[in-house]
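Beneath this line is the structure, given in C-alpha cells, with notes to follow.
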Amino acid sequence: MDIKITKTTSPKEKPDQKALGFGKYMSDHMFLMDYTEGIGWHDARIVPYGPIPMDPGAVALHYAQETFEGLKAYRTAEGKIQLFRPEMNARRMINSNHRLCMPPFPEDMFIEAVKAIVTVDADWVPSEPGASLYIRPFMFTTECQLSLHNSREFLFAIICSPSGAYYAEGINPVKILVEDEYVRAVKGGTGFAKCGGNYAGAMIGQEKAEAMGYSQVLWLDGQERKYVEEVGGMNIMFKINGEIWTAPCEGTVLPGVTRDSMLTILKEWGYTVREEKLSIDDLMAYCEKGQVEEVFGTGTAAVISPVGVLNYRGNVQTINNNEIGELSLKLYTYLTDLQWGRIPDTHGWIVPVC
Ligand SMILES: *Cc1c(COP(=O)(O)O)cnc(C)c1O
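Given below as C-alpha cells:
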C-alpha cells in the first residue's frame with residue numbers, strides 16, 4: 036500500500052501522562068483511505084488530525100452505516116512499541132462491515148495502516164506504567180443519498196488517543212444493573228457487529244443504570260430477557276463452583292478479542308470453560324447459595340473489570356465481598372504482562388511496530 040504522509044507543522048503539546056483518562060486527547064495525525072465502487076480502496080494517506088468535511092446528506096449521518104474497532108499500542112520497558120492480536124480486529128471489522136453492507140477493508144491493509152499511523156505518532160505512545168495508545172479504526176458511508184440504496188462511497192479512518200492506566204486507583208469492582216426492559220441485540224440483528232448503532236440503542240440502559248447509582252448494564256437476551264449476554268462495552272464471565280461461564284457468540288454477543296484470549300488462557304490453566312447460555316434466574320440462585328466466586332467484564336480498554344454488585348429487579352447480590360477475585364487478578368496480570376512485553380509471548384499474539 037502506498038501511503039502518502041503529510042506531517043503536521045504545528046504538533047500539539049503532549050498531555051500529562053499521569054492524567055490522560057480515556058479517549059480525551061487525540062494524537063497529531065490520522066489515517067484516511069477512500070473507497071469508491073468500481074475503483075476499490077484508494078488514496079491511503081496520513082494527514083494532520085482535524086475535521087473531516089462531510090456532505091450533510093451522507094448516509095452515515097442518517098442511517099448509521101458505520102462500524103468501528105478498538106485496540107492498543109503498548110510501549111515496552113525497552114521503549115519498543117507493540118500491538119496485541121491486531122488481525123483479530125481486522126477480521127472482526129470485515130464481519131461487521133459485511134453485516135452493514137459495507138466493503139471489507141482487507142486484513143493486511145488494516146495492519147499496515149495501524150502500524151503506519153502508530154509509527155508516525157510513535158511519540159504519542161505513553162511510557163507511564165499502564166498507559167497506552169488507544170487506536171480507533173472506523174469506517175462509514177460518505178455518499179450523499181437519502182433513499183435507501185446500497186452505498187458506493189466509504190471512508191476508512193484511524194485516530195489515536197493516548198489513554199491512561201485504566202486502574203489508576205487500583206482495580207475497584209463495579210456495580211452492575213441487570214436490564215430487564217430494554218434490549219441490546221436480537222438474533223438476526225447486529226449484536227455481533229461492532230457498530231455505532233448498537234451503542235446508540237443501548238445508551239438509554241446506561242443512562243438508567245447511572246441514575247440508579249450503577250456504572251454498567253448487564254444485557255439479557257433480546258427474545259426472552261432470560262439469558263445473560265454482555266455488559267455495555269465488555270463481555271462478561273462468571274466463575275461458579277470453579278467453572279467459567281460466558282455467553283456463546285451466536286450472533287447477539289460481540290466476539291471480544293479479550294474474551295477469546297481469556298478463554299484460551301483459562302483452558303490452558305486447566306479450567307472448565309462453559310460457553311453456554313446461563314439464565315439470570317440460575318445466576319441469582321447461584322449467588323444466593325454463595326456459589327458465584329467471581330464475576331468480571333473483559334474488554335480492550337479495561338482488560339478486566341471485576342463486578343462487585345449485581346442488581347436484578349431489586350435483588351442485590353454482592354460478589355466476593357466486593358473485592359477483586361484471585362483468578363480475575365491472575366488473568367489481568369498475565370494479559371497485561373504479555374501486552375507490555377514483560378513475559379514471553381508463547382501464543383504468537385504480539386505484533387511489533389517499531
Ligand atoms: C468492543 C466490545 C467488546 C470487547 O471486545 P474487545 O475486543 O475485547 O475489546 C465487548 N462488547 C462490546 C459490545 C464491544 O463493543
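Letter by letter, the sequence shown follows residues 36 to 389 in my numbering. The C-beta atom is built at its ideal place from N, Cα and C for all residues, glycine as well.
List the whole-angstrom C-beta distance separating residue 326 from residue 270, where the pair is believed to meet the contact cut-off of C-beta under 8 Å. The residue you call residue 326 lines up with position 291 of the sequence shown. The residue you call residue 270 lines up with position 235 of the sequence shown. Not really, about 21 Å apart at Cβ, beyond 8 Å.
Candidates 48, 53, 78: closest to residue 39 by CA position: Locating residue 39 in the sequence shown gives position 4, counting from the first residue. Minimum Cα distance to residue 39 is reached at 78.
Using the three-state DSSP reduction, which class does residue 322 fall into: helix, strand or coil? Here residue 322 refers to the residue found at position 287 when the sequence shown is read from its first residue. Three-state DSSP puts residue 322 in a helix.
Since I believe residue 334 is in contact with residue 293 (beta carbons under 8 Å), could you give me their beta-carbon distance rounded to a whole number of angstroms? Sequence index remark: in the sequence shown, residue 293 carries index 258 (1-based). Sequence index remark: in the sequence shown, residue 334 carries index 299 (1-based). At roughly 5 Å, the Cβ-Cβ gap stays under 8 Å, so residue 293 and residue 334 are in contact.
On the DSSP bridge list, what partners appear for residue 350? Along the sequence shown, one-based indexing puts residue 350 at 315. Answer is 347, bridged to residue 350.
From the DSSP output, which residues share a beta bridge with residue 382? Here the question's residue 382 lines up with position 347 in the sequence shown. In DSSP, residue 382 forms no bridge with anything.
Report the residue from 222, 181, 353 whose alpha carbon sits nearest the alpha carbon of residue 324. Numbered from its first residue, the sequence shown carries residue 324 at position 289. Among 222, 181, 353, the Cα nearest to that of residue 324 is on 353.
Could you tell me which residues DSSP pairs with residue 196 in its beta bridges? As a working note, residue 196 is residue 161 in the sequence shown. Looking at the DSSP assignment, residue 196 forms a beta bridge with 169.
Residue from 199, 84, 48 with nearest C-alpha to residue 57: Looking up residue 57 in the sequence shown gives position 22. Nearest C-alpha to residue 57: 199.
Taking the alpha carbon of residue 232 as the point to measure from, which residue in 102, 165, 177 has its own alpha carbon closest? For the purposes of this step, residue 232 is taken as the residue at position 197 of the sequence shown. It is 102.
For the 8 Å Cβ check, are there 3 or more pairs between the region 165 to 178 and the region 87 to 106? yes
Secondary structure of residue 14, DSSP reduced to three states: Outside the displayed span of the chain (36 to 389) sits residue 14, for which this structure offers no information.
Residue 66 beta carbon less than 8 Å from that of residue 146: Here the question's residue 146 lines up with position 111 in the sequence shown. Here the question's residue 66 lines up with position 31 in the sequence shown. The answer is no: Cβ separation not under 8 Å.
Quick check on the burial criterion: 16 or more other C-beta atoms within 10 angstroms. Buried or exposed for residue 136? By one-based count along the sequence shown, residue 136 stands at place 101. The residue is exposed, with fewer than 16 neighbouring Cβ atoms inside 10 Å.
So, does the region 217 to 227 touch the region 257 to 267, judging by three or more C-beta pairs under 8 Å? yes
Can you look up residue 89 in the DSSP assignment and give me helix, strand or coil? Numbered from 1 along the sequence shown, position 54 holds the residue referred to as residue 89. If DSSP states are grouped into helix, strand and coil, residue 89 belongs with coil.
Give me the Cβ distance between residue 328 and residue 355, rounded to the nearest whole Å; I'm assuming they're in contact under 8 Å. Looking up residue 328 in the sequence shown gives position 293. Looking up residue 355 in the sequence shown gives position 320. That belief holds up - the Cβ atoms of residue 328 and residue 355 are roughly 6 Å apart, short of 8 Å.
Leaving out five residues before and five after residue 122 in sequence, what residues of the same chain have Cβ atoms less than 7 Å from its Cβ? By 1-based counting over the sequence shown, the position of residue 122 is 87. Excluding positions up to five away in sequence, the list reads 142, 146.
For residue 281, which residues in the same chain have their Cβ closer than 8 Å to its Cβ, ignoring the five residues on either side in sequence? Within the sequence shown, the letter at position 246 stands for residue 281. If we look at residue 281 and ignore the five residues flanking it on each side, its Cβ neighbours are 270, 271, 272, 273, 294, 298, 308, 309, 310.
Reference residue 375; option with closest CA among 167, 36, 341: As a position in the sequence shown, residue 375 is number 340, starting the count at 1. Comparing Cα-Cα distances from residue 375 to each of 167, 36, 341, the minimum goes to 167.
Supposed close pair residue 144, residue 76 - CB separation, criterion 8 Å: Your numbering for residue 144 matches position 109 in the sequence shown. Your numbering for residue 76 matches position 41 in the sequence shown. With a Cβ gap of about 7 Å, residue 144 and residue 76 count as contacting.
Thinking C-beta only, is residue 287 closer than 8 Å to residue 227? Here residue 227 refers to the residue found at position 192 of the sequence shown. Here residue 287 refers to the residue found at position 252 of the sequence shown. A contact, by the Cβ cut-off of 8 Å.
Residue span of the beta strand (DSSP E) that contains residue 122, given as start and end: Residue 122 sits at position 87 when you count from the first residue of the sequence shown. Element bounds for residue 122: not the beta strand (DSSP E) but the alpha helix (DSSP H), 121 to 134.
So, using beta-carbon positions, are residue 107 and residue 169 closer together than 8 Å? Your numbering for residue 107 matches position 72 in the sequence shown. Your numbering for residue 169 matches position 134 in the sequence shown. In this structure, residue 169 lies closer than 8 Å to residue 107 by Cβ.
Answer yes or no: the CB of residue 101 versus the heavy atoms of ligand 1, is any distance below 7 Å? The count along the sequence shown starts at 1 and reaches residue 101 at position 66. No - ligand 1 has no heavy atom lying nearer than 7 Å to the Cβ of residue 101.
Which same chain residues, not among the five before or five after residue 332, have their C-beta less than 6 Å away from its C-beta? Sequence index remark: in the sequence shown, residue 332 carries index 297 (1-based). Here the set comprises 266, 269, 271, 340.
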